[in-house]
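Asks: Chains A and B, in that order, give the protein sequences.
Going by the numbering used here, the first sequence opens with residue 465, and the numbers climb by one from there.
Going by the numbering used here, the second sequence opens with residue 465, and the numbers climb by one from there.
Could you have a look at this structure, given as structure tokens, before my questions?
There are 2 protein chains.
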Amino acid sequence: MDIAGLLTSAGINIAICVVLLSLYSILRKQPSNASVYFTRKLVPEPVKWSDPFCLERFVPSASWIMRAWQATDEEILAAGGVDAVVFMRIVVFSIRVFIIAAMICILLVLPVNYYGQDMQHKQIHAESLEVFTIGNVKEGSKWFWTHCLALYVISCSACVLLYFEYESITKMRLAHITGSPPSPSHFTVLVRGIPWSQDHSYSESVEKFFSTYYPASYVSHQMVYRAGTVDKLMKDAEKMYRVLKTVEPQCREISMPCCLCGGTTHSFKVLNNEAESVKSKISDDGLQPAQREKERPAAFVFFRTRYAAVVAAQVLQSSNPMLWVTQLAPEPRDVYWSNLSIPYKQIWLRKIATLLGAIVFMFVFLVPVTFVQGLTQLDQLSHTFPFLKGILRQKFMNQLVTGYLPSVILMLFLYAAPPTMMLFSKVEGNVSRSGRKKSACIKVLYFTIWNVFFVNILSGSIIRQLSVFSSVRDIPTQLAKAVPTQATFFTTYVLSSGWASLSFEILHVYVSKYESGGQFWPIVHNTTIFSLVLTQIIALGVFGIKRSPVASGFTIPLIFFTLLFNEYCRQRFSPVFKRSPAQVLIEMDRQDEQCGRVEEIYDQLRSAYCQFPLIARDLSTSQDLSTAGNTWQNKDQGSSQDPESLKPGNQLVKLNE
Amino acid sequence: MDIAGLLTSAGINIAICVVLLSLYSILRKQPSNASVYFTRKLVPEPVKWSDPFCLERFVPSASWIMRAWQATDEEILAAGGVDAVVFMRIVVFSIRVFIIAAMICILLVLPVNYYGQDMQHKQIHAESLEVFTIGNVKEGSKWFWTHCLALYVISCSACVLLYFEYESITKMRLAHITGSPPSPSHFTVLVRGIPWSQDHSYSESVEKFFSTYYPASYVSHQMVYRAGTVDKLMKDAEKMYRVLKTVEPQCREISMPCCLCGGTTHSFKVLNNEAESVKSKISDDGLQPAQREKERPAAFVFFRTRYAAVVAAQVLQSSNPMLWVTQLAPEPRDVYWSNLSIPYKQIWLRKIATLLGAIVFMFVFLVPVTFVQGLTQLDQLSHTFPFLKGILRQKFMNQLVTGYLPSVILMLFLYAAPPTMMLFSKVEGNVSRSGRKKSACIKVLYFTIWNVFFVNILSGSIIRQLSVFSSVRDIPTQLAKAVPTQATFFTTYVLSSGWASLSFEILHVYVSKYESGGQFWPIVHNTTIFSLVLTQIIALGVFGIKRSPVASGFTIPLIFFTLLFNEYCRQRFSPVFKRSPAQVLIEMDRQDEQCGRVEEIYDQLRSAYCQFPLIARDLSTSQDLSTAGNTWQNKDQGSSQDPESLKPGNQLVKLNE
């Protein structure tokens, strides 16, 4: 591909990008879309549109970009939480590194590459892209120190930036932990692997164990029950509610009860009866066989202080490590109830099985990728399929097929990966919805790295030369040989998928369901370090091929120092992302005590985790705790987007009353 | 090498073994050696020799072997602790696996190998050893299922045995934890990385931090001081004491004070003054600049209960993970005081540096190993050094050089490894002597595996074929090619080093200094699993070379299931070896309370950890706590071998009084 081909590809992308941004700019001004784009703003202060049909509504403007750019971290923190800030930081960090890399490469490396060989240069726009790569520099050239210097500058600046980002994100996370209002998940430990006993029910075992060993801090517990009819009916109702909500989003407050009353009265009668019976079981402490059968060996245990909960979650409880397994509980609305019933003994097997499944899936995915790879190597393709020769001779088609089609096909296939990974993560047995999604995201991330980068390079090599797996020592050399030949593909991949998909992300509005407190930063950090080291290894290989021992020699300590830097960050910052520091937790517990809101928190704990929300509401109403319940929800800033409040449970209680 | 060569080697070994065992049998009967061999027995009940000059004393007997064999686990447990039982279990486990492997190989595999090819067999004693290896079976033979079956039987029986061993050792460890008498190390947490403050001394910071965050369980603390003159003098005195002890071991009780009084009065005067001044500093709570300067940012913090100490050791204390780093303290006599002064920030760097150092050492070690390897391949050697041809033509010399010399030279070189690794482990910054030794042992273990196995194979290949590092996919094939060619060397290695070195271990008497409660079992388990998987991978390669797809196909699931078994054991048992279960600790704490020995324990805690034993004794005498001190030592069963009591500190106090 030549410069013109690259420019065609870039042109298509920029055009798509501009169109999409303009569309967004127009769409966001329409009053009917206000509830889509400004939900969060609408909650505190409804936006009013003075003139509904002015021209301005249909003219794209760029002022929102300026406003978005000018937003400070504090504003984003207030609007979207720590995760949003961390995400923005990632974007800014990437832009910064990209600018540094672009500067040094354009000013230093590109001229060296271009004049790397004694050759007759064509006009610049007809020049092949390969002239600009390191492949053009002749062997043993003295100019490789420029590449080495560029590598040093990029690595060092990336490391320095990473360090400051890690430092400030750690501070932000600590501030988030300190500043977050009391949430039931802070005081709750999820216990799995409760041992089976003939004399006691699971519930009694839990009570006995924790009142014996944690008499000072144990408050109460809530068993996990086998999902029965109630659960299924609830899910049906929720599904129907969602369907109705999408049809008439604006009049939900008024229309919902009517709609529900209209169609499915029968279901609710059954539900009501079932709920009554379950309620009686819960309120009754006797050993009913039906209740014992419904109990699963898992429970939520509530503690008096955050610190006690964290300690109970971290300490090894029993001499059999497969029993009394504790971990901090997920938030109530984040609990993935159906996975809680899975016996803990299965979890490790399930994890291994899903890991294997994901690996198999990655290899199965080689088929489409190899096909895509074939498209970028047109000469081989037209050699294999002679009938394509006629079409491919046309210049535009050639540019389109080599420049754009491969990455589009790859993107389409990549869209199949996330649902598959979600399925794997469900089977894995995660106890929280966010945990499941996080696990799926990590799988997709590795999958993307593997597929987009390695498989493209290696399958490219499959077509060209049959031996793929090379010797251990030769990996840098092999990568170094393979990567520059695929540079064209990556340039087009970045140009096509990068801009277009980024602007596509705008047509989406993401509702942040879970606030992890920036817990995904270490993954970003590790991935960046991995990319850096990979770049360095490839450079090492290139220097080796090009016979520049000085440059190779200088690259090895760079790899070593990058890994050392990573280890330092792992020691200095990452523990805070895994465990909450005792100092902070104890301070928070003391503040709660001083504010006198301890009793209020205990009361709320009892009803926070409820497998069947309906019963909980019922119970809390009957115990006259509803006032306290409201206080809790008002205090919890996150609860403004709480999907729980949109669940049919609330409505159903009203119906029952 | 032929069968005769092997028999020569085996003959030499058996002879050495018998001589050594007879020597031991005679030596142990000499009254003058009783204190060497029966120290432990002598402590409770002195053995008396009725007739000092009977003939029986000089005739070797085998009855002790029978008695040793008949000893039950309970007897060994009582005599040598959990570690001794676990060690015996390892020996028994190895013998069992060896018997199973030997049975199946002699009955099934050996005949198949011997008749594997249509060939004229020589007389059996003149047959080359290679006829008995798998190399003799012809390609594509249908008899490879026997090898595959043998692999399955050995792997499965090893796994089953491992499982039962792991289970019973875990039980033993738990019983050891439950049954062990209260020791100061159970209640003590070592804190490092105490932050520097302008207003407070380190000691005040510790006091403030722990009385704020652990008000219910914090008892007191003991700072670590910079090792000064006192420490050096103490060490000199101790060294001298040891020299004197070796000269006159029997009359140490009487002679010691005189000897000490005689020569070095000056030193003791200085020591006395120095000690006085330090004592005054410790008793004085004011902020003396000298004291502040001597304090290091590390301290031992004492807690009221075992559980509180474990919790404080496991929880992340501060929002900066490099500050207030806690871990359970080693036993008082196990503390490696000089390493405690190392700033915690350096530890991770030191660990990486020593790891790198150990790796470099391993590669430097390639030189002698390659030389040794050359000796087993005589034809190449005589080709390189023609003047050796004459000597090597003699049959006996040939047998000696190929059969015995290589492993002897290798053994001699291997003796250089442990001191080097001990040096590395010292630099690493371990806080306990046992931790340092454990770290060195693990390094030596990996070093031995690497050197004896891989390097021998790979350097053998260096001489024969220049390409060493093969492709990733071909590793099993390469190993399969290399291992059978080196089988002769390993057979002789096992025969020579195995028997001779085992019987050499008998002329040694080991004093068990530390009781880890069988903590080294997981290492044994992992090494066994590693060996099994390695065997399976090599077999996979052999089957591949010999073109037996069925056998290869059956080996792959075996590898998978072995790894799965390992993962199960890791989940089910290994946490108990890393952390003590809360349930057990809390029960122990309650028992202490019920027995009313809590106050006694607290009193003892204050004087247990003392950098300068002299001062501690002095202080405890002045506080009239000496009675309680004796009680403690009597309760602690391990203290009968306490080196502390043999230290000059005791004597010096007497001198001072």
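A virtual CB, placed ideally from N, CA and C, is assigned to each residue, including glycine.
The structure presented is a predicted model; accordingly, all values stated were derived computationally and were not measured.
#1: Determine, for residue 483(A), whether the minimum Cβ-Cβ distance to residues of chain B falls below 8 Å.
#2: Can you check which of these residues, 1054(A), 761(A), 539(A) and 891(A), is closest to residue 659(A) by C-alpha distance?
#3: So with Cβ pairs under 8 Å, would you call residue 726(A) a contact of chain B?
#4: Rounded to whole angstroms, what is the Cα-Cα separation between residue 1000(B) and residue 627(B)?
#5: Please check if any C-beta of chain B sits within less than 8 Å of the C-beta of residue 682(A).
#6: Counting only C-beta atoms, is residue 914(A) closer than 8 Å to chain B at any point?
#7: Assuming contact is defined by CB atoms lying nearer than 8 Å, are residue 881(B) and residue 908(B) in contact in what I supplied?
#8: Can you give me the C-alpha to C-alpha distance between residue 714(B) and residue 491(B), rounded to a whole angstrom?
#9: In the DSSP assignment, the alpha helix (DSSP H) including residue 1019(B) goes from what residue to what residue?
#10: Closer than 8 Å is the cut-off here; do at least three beta carbon pairs connect the segment 883-894 of chain A with the segment 780-793 of chain A?
#11: Quick one: what's residue 653(A) bridged to in DSSP?
#12: May I ask you to list, following chain order, the residues of the segment 792-821 of chain A that have a beta carbon less than 7 Å from some beta carbon of chain B?
#13: Can you have a look at residue 1088(B) and say buried or exposed, based on whether 16 or more other CB atoms are within 10 angstroms of its CB?
#14: Measure the beta-carbon distance from residue 768(B) to residue 683(B) and round it to whole angstroms, keeping in mind my assumption that it falls under 8 Å.
#15: Taking three-plus beta-carbon pairs below 8 Å as touching, is the segment 663-673 of chain B in contact with the segment 625-642 of chain B?
#16: On the criterion of 16 or more Cβ atoms from any shown chain inside 10 Å, does residue 679(B) qualify as buried, or is it exposed?
#17: I'd like to know whether the C-beta of residue 782(B) is nearer than 8 Å to at least one C-beta of chain A.
#18: Please classify residue 991(B) as buried or exposed, where buried requires at least 16 other C-beta atoms within 10 Å of its C-beta.
#19: Mark residue 510(B) as exposed unless 16 or more other C-beta atoms lie within 10 angstroms of its C-beta, in which case mark it buried.
#20: When you compare only the Cα positions, how much space is there between residue 910(A) and residue 563(A)?
#21: Is residue 786(B) helix, strand or coil when you go by DSSP?
#22: Could you work out which residue in 690(B), 775(B) and 876(B) is closest to residue 792(B) when comparing CA atoms only?
#23: Report back the beta-carbon spacing between residue 982(B) and residue 530(B) to the nearest angstrom; my notes put them in contact at under 8 Å.
#24: Along chain A, which residues have their Cβ under 8 Å away from the Cβ of residue 677(B)?
#25: Comparing the C-beta of residue 638(B) with each C-beta of chain A, is any distance below 8 Å?
#26: Which of helix, strand or coil does DSSP assign to residue 664(A)?
#27: Between the segment 1019-1026 of chain B and the segment 798-808 of chain A, can you find at least three pairs of beta-carbon atoms closer than 8 Å?
#28: Measuring straight from C-alpha to C-alpha, what distance separates residue 1050(A) and residue 1040(A)?
#29: With residue 686(A) as the anchor, note down where its beta strand (DSSP E) starts and where it stops.
#30: So with CB distances below 9 Å, who are the chain B contacts of residue 1031(A)?
#31: Quick check on this structure: which residue in 1075(B), 1069(B) and 1074(B) has the alpha carbon closest to the alpha carbon of residue 646(B)?
#32: Are any of the Cβ atoms in chain B nearer than 8 Å to that of residue 1021(A)?
#33: When the distance is taken between beta carbons, is residue 795(A) closer than 8 Å to residue 649(A)?
#34: Tell me the DSSP secondary structure of residue 603(A) in three-state form.
#35: Bridge partners of residue 988(A), per DSSP?
#36: Does DSSP put residue 980(A) in a helix, in a strand, or in coil?
Replies: Judging by the given coordinates:
#1: It does not: the Cβ of residue 483(A) has no partner Cβ on chain B nearer than 8 Å.
#2: For the residues 1054(A), 761(A), 539(A) and 891(A), the minimum Cα distance to residue 659(A) belongs to 761(A).
#3: Summary for residue 726(A): the model assigns pLDDT 35, below 50, so the residue's position carries little reliability; its value from the coordinates is reported in the next sentence. With a threshold of 8 Å between beta carbons, residue 726(A) makes no contact with chain B.
#4: Taking C-alpha positions only, residue 1000(B) is separated from residue 627(B) by approximately 19 Å.
#5: With respect to chain B, the C-beta atom of residue 682(A) has no partner C-beta closer than 8 Å.
#6: Using a Cβ-Cβ cut-off of 8 Å, residue 914(A) does not count as an interface residue toward chain B, since no Cβ of chain B sits closer than that to its own.
#7: Taking 8 Å as the cut-off, the beta carbon of residue 881(B) is found closer than this to the beta carbon of residue 908(B).
#8: With a pLDDT of only 44 at residue 714(B), under 50, the local geometry of the prediction cannot be trusted, and no value is derived from it.
#9: Per DSSP, residue 1019(B) belongs to the alpha helix (DSSP H) from 1013-1036.
#10: They do not touch, by the three-pair rule.
#11: When beta bridges are read from the DSSP output, residue 653(A) appears opposite 765(A) and 792(A).
#12: Of all residues in the segment 792-821 of chain A, 812 and 816 have a Cβ within less than 7 Å of some Cβ in chain B.
#13: Any reading at residue 1088(B) must be qualified, since the residue scores a pLDDT of 37, below 50, and its modelled position is unreliable; no value is offered.
#14: Rounded, the Cβ-Cβ distance is 6 Å, consistent with contact.
#15: Fewer than three Cβ pairs drawn from the segment 663-673 of chain B and the segment 625-642 of chain B lie within less than 8 Å of each other, which leaves the two stretches out of contact.
#16: Residue 679(B) sits exposed, since fewer than 16 C-beta atoms from the chains shown fall within 10 Å of its C-beta.
#17: Contact of residue 782(B) with chain A is assigned, a C-beta pair being separated by under 8 Å.
#18: By the neighbour-count rule (16 or more Cβ atoms within 10 Å), residue 991(B) is not buried but exposed.
#19: Below a pLDDT of 50, predicted positions are generally treated as unreliable, and residue 510(B), at 47, falls in that range; the measurement from the model is reported next regardless. By the neighbour-count criterion, in which 16 or more other beta carbons inside 10 Å mark a residue as buried, residue 510(B) falls on the exposed side.
#20: The alpha-carbon atoms of residue 910(A) and residue 563(A) are separated by roughly 26 Å.
#21: Coil, per DSSP.
#22: Across the set 690(B), 775(B) and 876(B), the C-alpha of 775(B) shows the shortest separation from the C-alpha of residue 792(B).
#23: About 27 Å separates the Cβ atoms of residue 982(B) and residue 530(B), ruling out a contact at the 8 Å cut-off.
#24: For residue 677(B), the C-beta contacts it makes with chain A under 8 Å involve 1046, 1047 and 1050, in order along the chain.
#25: It does: the Cβ of residue 638(B) has a partner Cβ on chain A nearer than 8 Å.
#26: In the structure shown, residue 664(A) adopts coil according to DSSP, grouped into three states.
#27: Taking a cut-off of 8 Å on C-beta distances, the segment 798-808 of chain A does not touch the segment 1019-1026 of chain B, as fewer than three cross pairs fall below it.
#28: The straight-line gap from Cα to Cα measures roughly 15 Å.
#29: Unbroken beta strand (DSSP E) run through residue 686(A): 682-689.
#30: Those within 9 Å of residue 1031(A) in chain B are 812, 813 and 816.
#31: Out of 1075(B), 1069(B) and 1074(B), 1069(B) has the C-alpha closest to the C-alpha of residue 646(B).
#32: With its beta carbon at least 8 Å from every one in chain B, residue 1021(A) lies outside the interface.
#33: Result yes, Cβ atoms of residue 649(A) and residue 795(A) sit closer than 8 Å.
#34: Looking at residue 603(A) - three-state DSSP - the assignment turns out to be coil, as it is neither helix nor strand.
#35: Bridge partners of residue 988(A): none, in fact.
#36: Residue 980(A) falls in the coil class under three-state DSSP.
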